[in-house]
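Numbering (my numbering), first residue to last: 897 to 1096. Note that beta-carbon positions come from the ideal geometry of N, C-alpha and C, so glycine has one too. Computed from a predicted structure; not experimentally measured.
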DNA sequence: CACAGGATCGTT
DNA sequence: ACGATCCTGTGT
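In structure tokens:
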């Protein structure tokens, strides 16, 4: 019999404030083809008013998907080698998104190991670049909704027992107010978290 | 057209 | 602590 990973999340799930959707994504399942991951760490990024967000300087070709209706992917290329996967939230015009920072493998371990170069332990999937690499997500996925057959899917998954939160990683360039905003969320007690140091 | 920098990762 | 590596936004 086929393993069931739950139903797909409805559009209404995404059409809420980003700081509400982000913690609600913990424990959800992210699937693309044969690989299914359980989300263990995320970060919320706000719209134009958030100086840490790609939306801070208005709409550009790269961040255009952020301005569209929630329930789709925003993928960008970083440091010349890493792809970052975000979940766009809110109605069109809000430009809010959640960065998927870490996961644990639910299905497709063999392919994940292959894509990640045989790395073992938490280093397999703790960090946003690693998540995209494991899923096989690249720039061609940006703007794609989570409702397309054969595409990226977000499923109900299993809720976490507890949650940790802390400031976002790598946003020292932002205003003090935005830098200190506790918009990073992680499943409590899991090894599948990047830089656990700054989480409480 | 040229340039500086980045929501990172893996090694030193 | 640092280098890889190239897309992107900004300015000329």
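Three or more Cβ pairs closer than 8 Å define a contact, and the region 916 to 932 meets that threshold against the region 991 to 1005. In this structure, the alpha-carbon of residue 985 lies about 32 Å from that of residue 1015. In the three-state reduction of the DSSP assignment, residue 1094 falls in the helix class, which pools H, G and I. It is roughly 30 Å from the alpha-carbon of residue 909 to the alpha-carbon of residue 1019. The C-beta of residue 936 has 16 or more other C-beta atoms within 10 Å across all chains shown, which makes the residue buried.
In this chain, the alpha helix (DSSP H) harbouring residue 1027 covers 1024 to 1031.
Counting other Cβ atoms within 10 Å of its Cβ, residue 953 stays below 16 and is therefore classed as exposed. Residue 916: member of the alpha helix (DSSP H) spanning 914 to 920, first to last residue. Minimum Cα-Cα distance from residue 991 among the listed residues 999, 970, 981 corresponds to 970. Contact fails between the region 1031 to 1049 and the region 1087 to 1095, because fewer than three Cβ pairs, one in each stretch, are under 8 Å apart. Counting the other Cβ atoms within 10 Å of the Cβ of residue 977 gives fewer than 16, which makes it exposed. Just measuring C-alpha positions, the residue of 1048, 1056, 912 sitting nearest residue 940 is 912. If you draw a straight line from the Cα of residue 1057 to the Cα of residue 1087, it comes to about 14 Å.
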